[in-house]
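To keep things clear, I will list the structure first and then write my remarks on it.
Encoded structure:
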């Protein structure tokens, strides 16, 4: 039997991965905490995108869809594995993340996921609270609250660590 | 912790080139397994059938099997008959299409299809058009394709219309799971050209009756295909004549 398949072309896939994989990986890593889970989640997002062929109003709309799907996919992964995110320090070392920054990330991963995700979208993607609200289906006020609590929790963690 | 420390630390996390390749490969494999289950079965079968036809030609011509990958948006990209200028802009060439056929089949919508044909390690990428016509719930697909094998046709010579040779074929397209084992009877029917196989990643076996007429005009390969519909090959040939006459 001839080998037959119907699927998006390799070119489509390559373009999508080249354009968005790094961005999606950073977000998934912020939620899941390790390379393998984050790569799996990115692959899930890409497969969804390619098979569902969503229609977008523009590039920003496309990006928001991808980020929202990445958040949902990562949360599903956490739920499916019934565990908290696990920050793999070896993965950080492999990615040549300096010890100082690894410490910051370690602190970050002690926060519940909902705060990490908001902090990531705010600090890495540069979204404002209204835009984050659209992506996460939250009100802007709820986003601001999570940002505030997230920052505060991190500050407290750092202060406790600094105490003798 | 300063906010800029957090921003810098989060920004340090990045995807390695190896990671990118792993994601690419994992996605590719999963897409192959999925085989576009979101597509309507008829459309899937139609695309797979088109691939069977061309692949068979490839196997005869080059002595080895090829693989045809194609994709299109699940949503229609044209809701009115594409003009020649639109075809030129969207797929790089144009052909002929009609708004309605005399038997009542009328244009519904159309899509650009992106194709990758792999034969003997060589890849050919091209775009094609798939136009759908409907009458009383029955559908006919008219495809326009321009690629290196456009002059070769599967099926039997079936006369000519307006000086253009037509080829016709009727067979059952059996969509099977990847690990499906063909029976001897199926192998015999396949060899007789009465049965074609395709995989769509599903666990079940489904049959589709296919009738198709194809021809080439001005370097563009046309095919009119109906799956599980009431049209005979003779009626499809008459419809082909209307497209040819519209040139």
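Chains as they are written, first to last, in the working numbering: chain A, 1 to 164; chain B, 165 to 411.
Idealized CB from N, CA, C, for every residue including glycine.
Self-check item: Residue burial classification, residue 61(A) (beta-carbon count within 10 angstroms, cutoff 16)
Solution: exposed
Exercise. Could you list the residues in the segment 21–51 of chain A with a C-beta less than 8 Å from some C-beta on chain B, going in chain order?
Key: 21, 22, 25, 26, 29, 30, 35, 39, 40, 42, 43, 46, 47, 50, 51
Quiz prompt | the segment 138–149 of chain A: positions lying closer than 8 Å to chain B by Cβ | solution = none
Quiz item: Taking just the CA atoms, how far does residue 40(A) sit from residue 182(B)?
Solution: 14 Å
Practice problem: Provide the residue span of the alpha helix (DSSP H) that contains residue 175(B), from first to last. | Solution: 167–176
Quiz prompt | Same chain, Cβ closer than 7 Å to residue 207(B), five either side skipped, listed in chain order | solution = For residue 207(B), the pLDDT reaches just 34, beneath the cut-off of 50, and the residue's location in the model is therefore unreliable, although a value from the coordinates is still provided. None.
Self-check item: Own chain, CB closer than 6 Å to residue 127(A), minus 5 neighbours either side, in chain order
Solution: 121
Quiz item: Nearest to residue 335(B) by CA position, among 360(B), 321(B), 385(B), 169(B), is which residue?
Solution: 360(B)
Quiz item: Taking the C-alpha atoms as reference points, what is the distance between residue 19(A) and residue 77(A)?
Solution: 23 Å
Quiz item: Relative to chain B, which residues along the segment 60–83 of chain A have a C-beta separation below 7 Å, given in chain order?
Solution: none
Quiz item: Would you report the Cα separation of residue 15(A) and residue 339(B), rounded to the nearest angstrom?
Solution: 30 Å
Quiz item: Going by Cα to Cα distance, which pick from 179(B), 388(B), 374(B) is closest to residue 426(B)?
Solution: Nothing can be reported for residue 426(B): it is not among the residues displayed for chain B, which extend from 165 to 411.
Quiz item: Is there contact here, the segment 105–124 of chain A with the segment 132–151 of chain A, by at least three beta-carbon pairs under 8 Å?
Solution: yes
Practice problem: State the beta-bridge partners of residue 266(B) as determined by DSSP. | Solution: According to DSSP, residue 266(B) bridges with nothing at all.
Quiz item: the segment 288–312 of chain B: which residues have C-beta closer than 9 Å to a C-beta of chain A, in chain order?
Solution: 289
Practice problem: Express the C-alpha separation of residue 31(A) and residue 177(B) in angstroms, rounding to a whole number. | Solution: 12 Å
Practice problem: Give the C-beta separation of residue 375(B) and residue 355(B) to the nearest angstrom, bearing in mind that I take them to be a contact with Cβ-Cβ under 8 Å. | Solution: Contact doesn't hold; Cβ gap of about 20 Å is too wide.
Quiz item: Quick one: is residue 252(B) buried, meaning 16 or more other Cβ sit within 10 Å of its Cβ, or exposed?
Solution: exposed
Quiz prompt | Residue range of the unbroken alpha helix (DSSP H) whose run includes residue 374(B) | solution = Element bounds for residue 374(B): not the alpha helix (DSSP H) but the beta strand (DSSP E), 370–381.
Quiz item: In terms of residue numbering, what span does the alpha helix (DSSP H) encompassing residue 407(B) cover?
Solution: 397–409
Self-check item: Proximal chain B residues relative to residue 14(A), where beta-carbon distance stays under 9 Å
Solution: 188
Quiz item: Using the C-alpha atoms, what's the distance from residue 28(A) back to residue 200(B)?
Solution: At residue 200(B) the pLDDT is 39, less than 50, meaning the model places this residue with poor confidence and gives no usable figure here.
Self-check item: C-alpha distance - residue 45(A) paired with residue 307(B), whole-angstrom precision
Solution: 31 Å
Quiz item: Counting only beta-carbon atoms, is residue 170(B) nearer than 8 Å to chain A?
Solution: yes
Self-check item: Whole-angstrom distance between residue 174(B) and residue 34(A), CA atom to CA atom
Solution: 13 Å
Practice problem: With DSSP as the reference, label residue 140(A) as helix, strand or coil. | Solution: helix
Self-check item: Residue-level contact to chain B via CB, residue 97(A), 8 Å cutoff
Solution: yes
Quiz item: What do you reckon, are the CB atoms on residue 322(B) and residue 295(B) nearer than 8 Å?
Solution: no
Quiz item: Which one or two residues does DSSP pair with residue 276(B) in a beta bridge?
Solution: 293(B)
Quiz item: Between residue 270(B) and residue 58(A), what straight-line distance do the alpha-carbon atoms span, to the nearest angstrom?
Solution: 32 Å
Self-check item: Per-residue contacts from residue 118(A) into chain B (C-beta, under 7 Å)
Solution: In chain order: nothing, as chain B lies at least about 12 Å away.
Quiz prompt | N-terminal and C-terminal residue of the alpha helix (DSSP H) that residue 103(A) is part of | solution = 99–108
Quiz prompt | Residues that residue 101(A) contacts on chain B, provided the C-beta gap is smaller than 7 Å | solution = 172, 173, 176
Quiz item: From which residue to which residue does the alpha helix (DSSP H) around residue 352(B) run?
Solution: 348–355
Quiz item: Taking Cβ positions, are residue 43(A) and residue 187(B) nearer each other than 8 Å?
Solution: yes
Practice problem: Flag this pair as yes or no: are the beta carbons of residue 26(A) and residue 104(A) separated by less than 8 Å? | Solution: no
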